[in-house]
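These notes concern the structure reproduced below.
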Amino acid sequence: MIVTVTLTPALDKTVVLPAFHVDQVNRIESLRLDPGGKGINVSKVLDALGTRSLATGILGGGTGRYIEKSLKDMGIACDFVWVEQETRTNLKVIDPVEHTNTDINEPGAPVAPAVLEAVFDKVKAAVGPGDIVVLAGKAPAGAGDGVFADWIARLNALGAQCYLDADAGLLIQGAAAKPALIKPNDVELGRLLGRGFDGIADMAAAARELVKSGIGAVVVSLGGDGALFVTRDQILRGHGLKVAVQSTVGAGDSMMASMAHGAATGMAFRDTCALAMAVSAATVMTPGTQAADMNVVKELLKQVKIEEL
Ligand SMILES: Nc1ncnc2c1ncn2[C@@H]1O[C@H](COP(=O)(O)OP(=O)(O)OP(=O)(O)O)[C@@H](O)[C@H]1O
Ligand SMILES: [Mg+2]
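Residue numbers (my numbering): -10 to 298.
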C-alpha cells in the first residue's frame, strides 16, 4: 500500500494565453483544470505507472469536491479530511508567444491541530509494516515545521516507510526523524545542510553523510542535469535526458512516484532509478500538471544513462 499525503492541495487552472499583457484585457485560448498538490501529483503518476495508492490530506468546499471527483474518475482512491475553507485554485498562465509561464497562487487557509491529527489518523489506519507513506509539499499555516518530523517518528514506529519531499524547516526537521527516502533538489539540499556544493562529487558526499545519519535513501534531483541516487551501498548518477521542455511542474513529484512504485513492486534499485529518470523527463514534456505519457516513458528508458560513482 502507498499512501500519499497532501496538506496543501490546489486545483491547478492552466490557461493558454498568447501574448499575455498586464493592464489589458487578455483572452484565454484554452483552459484545463487538474487536481494538484505534490502528494496528489504523486498519486496521479503512480496511477499512470499502474500502482494503486490512497490519496489523503485536506480538502474543502466546491473546489475540494471537484478535486475528489476528478481523482475518483481517474480511479484513484481518496480519503480526505474535509474543512470549511475552500481549497485553493492556482492559476498558471502559459504564453506560447512570449514563451513565459506565470503562476498566480492563492494562499492556503490556516489549519487547526485537530484537522492535522485527523489526517494522521487516516494515514495510520491505512498503513501497516512495509507500506510507503509519501509526505510531500508545504505544511498549511498553523501546522509548524515539525509536523512531518512528528509523523515520521510515529510512522517509523509502526514499521511504515516515509518518503519525504519538502523544503526548508519541514525538510530539516523531517530529515532528522530518519525517513526512508528524501528527494531534495540541489537548492533544497543546500538549505538542509546549510552549505553550498563544489560539484557533483561534493553533493554525493553530502548525501552519503545523510544516509549515514539514518535516512534510507537520498535522491538529489538536478533539473535538466539529472539526479543522484544515494543509499548505504550505492551512489548512482542519472544523466539528464535531452527532451523538449513544455513545463517542469511536477518533475520532482514524478520522480518521487517512480521511487515509490519501484520499491512497492520489488524492482531493483538501479532499475527504479532509471525509471525515475525516464518518467520525470517525460513529465517535463507534458504541459501543466498532467502525468507523463507511458509510451514516451518506454522510449526514454532506452536512452537513460545510469553511472555508478
Ligand atoms: N529540463 C529538463 N530536462 C530533462 N529532465 C528534466 C528537466 N527538468 C527536470 N527533469 C527531470 O525531473 C527531475 C526532477 O526535476 P527537478 O530537479 O527540477 O525537481 P524539483 O526541483 O523538485 O521540481 P518540482 O518540485 O518543481 O517538481 C530531474 O532529476 C530530471 O530527471
Ligand atoms: Mg521539488
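Just so it is clear, CB atoms sit at the ideal spot from N, CA and C, and this is done for glycine as well.
All values reported here derive from a predicted model rather than from experimental measurement.
Check: Given 7 Å as the limit, tell me if D154 has its C-beta closer than that to any heavy atom belonging to ligand 2.; Outcome: yes
Check: Do G163 and L153 come within 8 Å of each other at the CB atom, strictly closer than that value?; Outcome: yes
Check: Helix, strand or coil: how does DSSP classify A252 here?; Outcome: helix
Check: Tell me whether N174, by its Cβ, gets closer than 7 Å to a heavy atom of ligand 2.; Outcome: yes
Check: Quick check: G239 and T278, are their CB atoms within less than 8 Å of each other?; Outcome: yes
Check: Check whether the Cβ of G251 sits closer than 7 Å to any heavy atom of ligand 2, and report yes or no.; Outcome: no
Check: Would you say A128 touches ligand 4, meaning its beta carbon is less than 7 Å from a heavy atom?; Outcome: Only ligand 1 and ligand 2 can be found as ligands here, which leaves ligand 4 out of the picture.
Check: What did DSSP end up calling V285 once you bin it into helix, strand or coil?; Outcome: helix
Check: When the Cα of C262 is compared with those of S243, E106 and K58, which residue comes out closest?; Outcome: S243
Check: Going by other Cβ atoms of all chains shown within 10 Å of its Cβ, with 16 needed for buried, is G25 buried or exposed?; Outcome: buried
Check: For S59, I'd like the list of residues in its chain whose CB is within less than 8 Å of its CB, leaving aside the five on either flank, ordered along the chain.; Outcome: L22, D23 and P24
Check: Could you tell me whether any non-hydrogen atom of ligand 2 is closer than 7 Å to the CB of G179?; Outcome: no
Check: Measure the alpha-carbon distance for V14 versus E95 and round it to whole angstroms.; Outcome: 21 Å
Check: Go through its chain and collect everything with a Cβ distance to I224's Cβ below 6 Å, but skip five positions before and after it.; Outcome: A193 and L298
Check: In this structure, does DSSP put K27 in helix, strand or coil?; Outcome: helix
Check: Can you tell me whether DSSP reads D36 as helix, strand or coil?; Outcome: helix
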